[in-house]
Amino acid sequence: MSIYDYLQKTARARGACFLVLLDPDKLDPARLRRTGKLIAASGADGILFGTSLMMSGKIDQQIKALKQSSKLPVIIFPGSAYQVSKHADALLFMSLISGRNANLLIEEQVKAAPMVATSGLEAIATGYMLIESGKLTSANYISNTLPIPRDKPDIAVAHALAAKLLGMKLIYMDAGSGAQQPVSEQMISAVAKHSQLPVVVGGGIKTPEDAAVRARAGATAVVVGNVLEQDLNLAKRFARAIQFKTAETRKH
Ligand code: 1GP
Numbered sequence: 033m034s035i036y037d038y039l040q041k042t043a044r045a046r047g048a049c050f051l052v053l054l055d056p057d058k059l060d061p062a063r064l065r066r067t068g069k070l071i072a073a074s075g076a077d078g079i080l081f082g083t084s085l086m087m088s089g090k091i092d093q094q095i096k097a098l099k100q101s102s103k104l105p106v107i108i109f110p111g112s113a114y115q116v117s118k119h120a121d122a123l124l125f126m127s128l129i130s131g132r133n134a135n136l137l138i139e140e141q142v143k144a145a146p147m148v149a150t151s152g153l154e155a156i157a158t159g160y161m162l163i164e165s166g167k168l169t170s171a172n173y174i175s176n177t178l179p180i181p182r183d184k185p186d187i188a189v190a191h192a193l194a195a196k197l198l199g200m201k202l203i204y205m206d207a208g209s210g211a212q213q214p215v216s217e218q219m220i221s222a223v224a225k226h227s228q229l230p231v232v233v234g235g236g237i238k239t240p241e242d243a244a245v246r247a248r249a250g251a252t253a254v255v256v257g258n259v260l261e262q263d264l265n266l267a268k269r270f271a272r273a274i275q276f277k278t279a280e281t282r283k284h
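Below is the structure:
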């Protein structure tokens, strides 16, 4: 089964998928396998791997070690054309559609395309939107773009519809890593309902309650990064909150 189908099937069964975001620049090489094992033991549905900067240059080894430590799919969430590795299971082939920076709308994709095409990776065409989050995030600064205002779901819907008409298969709404405020449930439900595309949401999700609200609003996958970098033991609680159908089945 493709990763794209796996994400949708898992979301239908569990409520939403729980994806843990790992930043290659912050990974301790000595603990990589242990990190992978802990994530798998938490009940997560997959690992997203990527960063808006990239200092490490060792993504092949890092992804290999993660793949050896668990059966979870590793999906690359690239900040640039350099973040491609054939050892992953899939790659979000993203265009930053909320911005008007030609470099991130199409240029990085042109540079990466030959490598992605020969890698054998499943490339998931993704419309990536940055949503205003209360403070300047690295993603906004590095991308040199304006985010979509957080209280304007109609603007987000128009972007998602354009992405769908252009043939994109997935929408990622991101408030940016460490965002003050995560994407609102109103915006998530509006985009999911009108686009009928699977929606991934992340950025600034700090508690299982924050995550549960976003899963129930109609996200196909909820991404948590920063908070788990501080304490990976919290991952189990996030899994239970995001996979709300599983928890409901357990109660009955
Ligand atoms: C950022 O969506 C991710 O691109 C995750 O954000 O690190 O704030 O959880 P956090």
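Add 32 to the 1-based position in the sequence shown for this note's numbering, that's all there is to it.
All residues carry an ideal CB built from backbone N, CA and C; glycine is no exception.
Nearest to Lys143 by alpha-carbon distance, out of Arg132, Met126 and Ser130, is Met126. The beta carbon of Ile138 lies closer than 8 angstroms to those of Ser127 in the same chain, with the five residues before and after it left out. DSSP places Ile274 inside the alpha helix (DSSP H), whose first and last residues are Ala267 to Ile274. A residue is called buried once 16 or more other Cβ atoms fall within 10 Å of its Cβ, and Pro240 is buried on that count. Shown here, Gly89 sits in coil according to DSSP, grouped into three states, outside any helix or strand. In the three-state reduction of the DSSP assignment, Glu154 falls in the strand class, which pools E and B. Boundaries of the alpha helix (DSSP H) harbouring Ile35: Ile35 to Arg46, taken from the DSSP string. By the criterion of at least three beta-carbon pairs nearer than 8 angstroms, the region 180-188 is not in contact with the region 230-239.
In the three-state DSSP reduction, Gly236 falls in the coil class, being neither helix nor strand. With a 10 Å radius around the Cβ and a threshold of 16 neighbouring Cβ atoms, Thr281 comes out exposed. Around the beta carbon of Pro146, fewer than 16 other beta carbons lie within 10 angstroms, which makes this residue exposed.
If you keep only unbroken beta strand (DSSP E) runs of at least 3 residues inside the region 42-81, you get 49-54 and 78-81.
In the DSSP assignment, the residues bridged to Phe125 are Ala157. When DSSP reads this structure, Tyr173 sits in no beta bridge, so it has no partner. Boundaries of the alpha helix (DSSP H) harbouring Leu197: Pro185 to Leu197, taken from the DSSP string. In this chain, the alpha helix (DSSP H) harbouring Met219 covers Glu217 to Ser227. When secondary structure is reduced to three states using DSSP, Leu104 falls in the coil class, being assigned neither helix nor strand. Taking His226 as the centre and dropping the five residues before and after it, the same chain places the C-beta of Val189, Ala192 and Leu193 closer than 8 angstroms to its C-beta, in chain order. For ligand 1, no non-hydrogen atom lies closer than 6 angstroms to the CB of Leu137.
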